[in-house]
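What follows is a short report on a single structure.
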Amino acid sequence: MQITVKETKDLDYEKVVDIFYEVKFLKNPNKREIYKKTIEKAFKNSQYVVSAWDGNKLIGFARVITDGSLFATIWNMLIKPEYQKQGIGKQLIRKCLNKYPECYFFLFGDKKVVSFYQKSGFEIHRFGMYLKDGPKRCITYN
Numbered sequence: 002m003q004i005t006v007k008e009t010k011d012l013d014y015e016k017v018v019d020i021f022y023e024v025k026f027l028k029n030p031n032k033r034e035i036y037k038k039t040i041e042k043a044f045k046n047s048q049y050v051v052s053a054w055d056g057n058k059l060i061g062f063a064r065v066i067t068d069g070s071l072f073a074t075i076w077n078m079l080i081k082p083e084y085q086k087q088g089i090g091k092q093l094i095r096k097c098l099n100k101y102p103e104c105y106f107f108l109f110g111d112k113k114v115v116s117f118y119q120k121s122g123f124e125i126h127r128f129g130m131y132l133k134d135g136p137k138r139c140i141t142y143n
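Numbering of the sequence shown is given in my numbering, commencing with residue 2 and proceeding in unit increments.
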């Protein structure tokens, strides 16, 4: 298995959405087309997208939104289940951190992956807020 990492937003977004479903980030199959449009727009509007490949097979990705000088947030760091726990996620995180070395990084993750991010140097911060009632057009992922 030869894993390569690429920096590109030029992805097959059907395959990207497949991974969202495979890792159970998305669940409703009836909203696949809406999800695809939203995810493609989110990736293309991100400042940085990095992806992992096994040959020509997309196996994972992460994206960064940043102001480029102070703060950056990693979003959607997802790896196909059969490729998890092989160091691929760590490679993607490192690429993101190295792309913006001057920035403070933030991310949001499921409780199941806290130890993974801690091994990459992240710490849990108990203070944080989000706007619970977002815009009406906001997509919920369940």
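Glycine included, each C-beta is placed from N, C-alpha and C at the ideal position.
Residue i - partner residues in DSSP beta bridges
| i | result |
| --- | --- |
| Ala43 | DSSP lists no partner for Ala43. |
| Ile61 | Contrary to the premise, residue 61 reads as Gly rather than Ile in this sequence. Ala53, Ile80. |
| Phe72 | Tyr105 |
| Ile66 | Thr74 |
Run of the alpha helix (DSSP H) containing residue i, from where it starts to where it stops
| i | result |
| --- | --- |
| Gly90 | 89-100 |
| Phe117 | 115-120 |
| Phe21 | 14-23 |
Limits of the unbroken beta strand (DSSP E) element including residue i
| i | result |
| --- | --- |
| Glu8 | 4-8 |
| Phe106 | 105-108 |
Nearest candidate by alpha-carbon position, reference residue i, set the options
| i | options | result |
| --- | --- | --- |
| Lys7 | Asn31, Val115, Ile89 | Ile89 |
| Arg95 | Lys112, Met2, Phe62 | Phe62 |
| Asn57 | Leu93, Lys45, Gly129, Thr5 | Thr5 |
Residue i: CB within 7 Å of a non-hydrogen atom of the ligand SAM
| i | result |
| --- | --- |
| Lys91 | This structure does not include the ligand SAM; it has no bound ligands of any sort. |
Spatial neighbours of residue i in its chain, beta-carbon cut-off 8 Å, leaving aside the 5 residues before and after
| i | result |
| --- | --- |
| Leu171 | Outside the displayed span of the chain (2 to 143) sits residue 171, for which this structure offers no information. |
| Cys139 | Model confidence at Cys139 stands at a pLDDT of 43, short of 50, so the residue's coordinates are unreliable; what they give is reported in the following sentence. Nothing listed; no residue qualifies. |
Contacting residues, own chain, Cβ-Cβ under 6 Å from residue i (five flanking each side not counted)
| i | result |
| --- | --- |
| Glu83 | none |
* Are three or more beta carbon pairs between the region 48-65 and the region 91-103 nearer than 8 Å? -> yes
* Asked: Would the region 28-37 and the region 58-71 be scored as touching if the rule is three or more Cβ pairs under 8 Å?
  -> no
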